[in-house]
Amino acid sequence: KHGNRSVSSRSGSADVLKALGVNIEAEVARVEECLKEIGIGFLFAPMLHGAMKYAAPVRREIGIRTIFNILGPLTNPAGARCQVIGVYDDSLTDILGKVLSNLGAEHAFVVRGEDGLDEITLTTETKVTELKEGKLRTYHIKPEDFGFRRCRPEDLKGGDPEMNADIIRSILKGKKGPQQDVVVLNAAAAIVAGGMARSLEEGILAAVHSIDEGKALEKLNKLVEMTNP
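The following block contains the structure:
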């Protein structure tokens, strides 16, 4: 994951990872060790793209999502070839799919919920542009396609970094409900993109198994440990 602190929302990926105990400012060499040993790591954008700090004050003043919200995944210094990227505008799924293709991505999902969420949602349909083997395909998916119930937007709502960290811990400890379901569905897309499942259905089974067996929580705890030597 290549991300930053919050600019246009209450909690960015860096904020919640810090609240979970991850050292978000770990050196790149340490992140590489995390990737090799546990398969996950976090690259804090300001440490790798110094010029971006000049855009941060303007972004905060504007207070809405802009093109900078999708620059993170596109400028990932790890050169990730398999990705799931959420976008804030419906028209961007196809555009970003083409960009990822030009950048050499192998398998990627660009998603946008019809409720406005920049992820696969459970409240309504989600628009998906999938890049695979150099070909783009755009389609829509629904929660019920995968056995999930539709929920209300407030059922998925988070809060500040500390609240979101608590939600993540409860999900990884096995608490069932819409919040775990939406995590599982989005994780499934990443599992498919990474070549560890052939379909979203298989990816869902893998994600559920990882949570139920405590493996996902174990990975998080190991990430906290390894980034705080």
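Residue numbering for the sequence shown follows the working numbering, starting at 13 and increasing by one per position.
Backbone N, C-alpha and C define an ideal beta-carbon position, used for all residues, glycine too.
query                                                                                                                                                                : result
Would residue 217 and residue 158 qualify as a contact pair, given that the criterion is a beta-carbon distance under 8 angstroms?                                   : no
Where do the ends of the alpha helix (DSSP H) carrying residue 199 lie?                                                                                              : 190–205
For the alpha helix (DSSP H) containing residue 140, name the first residue and the last one.                                                                        : Segment 138–144 is the beta strand (DSSP E) holding residue 140; no alpha helix (DSSP H) there.
Report the three-state DSSP secondary structure of residue 61 (helix, strand or coil).                                                                               : coil
Tell me the DSSP secondary structure of residue 28 in three-state form.                                                                                              : helix
In chain order, what are the residue ranges of uninterrupted beta strand (DSSP E) at least 3 long that sit wholly in the stretch 96–158?                             : 119–125, 138–144, 147–153
For residue 80, does the three-state DSSP call read helix, strand or coil?                                                                                           : helix
Looking at residue 96: is its Cβ nearer than 8 angstroms to the Cβ of residue 202?                                                                                   : yes
Going by other Cβ atoms of all chains shown within 10 Å of its Cβ, with 16 needed for buried, is residue 36 buried or exposed?                                       : buried
Looking at residue 50 and residue 188, is the spacing between their C-beta atoms short of 8 angstroms?                                                               : no
Would you be able to state if there are at least three C-beta pairs under 8 angstroms between the stretch 23–30 and the stretch 173–192?                             : yes
For residue 209 and residue 121, which I take to be in contact (beta-carbon distance under 8 angstroms), what is that distance rounded to the nearest angstrom?      : Actually they do not touch by this definition, with Cβ atoms about 13 angstroms apart.
Which partner residues does residue 56 have in the DSSP bridge list?                                                                                                 : 15
Name the DSSP beta bridge partners of residue 242, please?                                                                                                           : As displayed, the chain neither begins before 13 nor continues past 241, which places residue 242 out of reach and without an answer.
If residue 184 and residue 160 are in contact, beta carbons under 8 angstroms, what's the gap, nearest whole angstrom?                                               : That pair is no contact at about 18 angstroms.
Applying the criterion that 16 or more other CB atoms from any shown protein chain within 10 Å of the CB defines a buried residue, is residue 103 buried or exposed? : exposed
Quick test of your reading: residue 141 and residue 132, contact by CB under 8 angstroms. State the CB separation rounded to the nearest angstrom.                   : Going by Cβ atoms, the distance from residue 141 to residue 132 rounds to 12 angstroms, so no, they are not a contact pair.
State yes or no: is the C-beta of residue 115 within less than 8 angstroms of the C-beta of residue 83?                                                              : no
At which residues does the alpha helix (DSSP H) containing residue 40 begin and terminate?                                                                           : 40–50
Does the separation of the CB atoms of residue 215 and residue 200 fall below 8 angstroms?                                                                           : yes
Taking the continuous alpha helix (DSSP H) assigned at residue 176, which residues delimit it?                                                                       : 173–184
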